[in-house]
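Residue numbers (this note's numbering): 389 to 538.
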């Protein structure tokens, strides 16, 4: 009996882990899909232009798990195919390439950043209630500069 359980238990645990991973495919804050190479890091709420902006921060799964770096190009392509109707904005944030995907009314967005286009993605920020229209709006907000309120 114990040998049978020892053989079946890893299969059950793997199935449960796979179910948990599938359940976490959408960000709880925005409902938008999350790239499977990213893992949830922490939530935050900030005031921008007298509006409470809710953020969810994701970081890449550790290299020792993925065994590879996930390039900005690859992750951007994944988001482009999973966020129909979102506008993709290319830019750079202090010499780091960035990509953002923003919904039609600007209230939901995902911002990606990397050290270079070839190296792995550093992180993704999901935002709810931030009305970013351009990458410069987004960069100004990240730098803490004024002038993005409309």
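C-beta: ideal position from N, C-alpha, C; glycine also. Remember, predicted model here, so these are calculated numbers, not experimental data.
Is the distance from the Cβ of residue i to the Cβ of residue j below 9 Å?
i: residue 467; j: residue 424; result: no
i: residue 475; j: residue 502; result: no
i: residue 427; j: residue 449; result: yes
i: residue 418; j: residue 516; result: yes
i: residue 518; j: residue 447; result: no
i: residue 443; j: residue 459; result: no
Starting from the Cα of residue i, find the closest Cα among the options and give me that residue.
i: residue 478; options: 488, 513, 494 and 517; result: 488
i: residue 490; options: 415, 514, 504 and 483; result: 514
i: residue 483; options: 435, 459, 446 and 504; result: 504
i: residue 445; options: 457, 458, 429 and 434; result: 429
i: residue 414; options: 494, 486 and 471; result: 471
i: residue 494; options: 457, 473, 480 and 416; result: 473
Quickly, what does DSSP pair residue i with across the bridge? List them, please.
i: residue 432; result: 443
i: residue 448; result: 426
i: residue 503; result: Answer by DSSP bridge pairing: none, since residue 503 is not bridged.
i: residue 509; result: 502
i: residue 516; result: 442 and 496
Is it a yes or a no for the region 456-467 touching the region 494-513, going by three-plus beta-carbon pairs under 8 Å? Contact between the region 456-467 and the region 494-513 is established, with three or more Cβ pairs separated by less than 8 Å.
Those runs of the beta strand (DSSP E) which lie wholly inside the region 462-491 and span at least 3 residues: Within the region 462-491, the complete beta strand (DSSP E) runs of at least 3 residues fall at 475-481 and 484-490.
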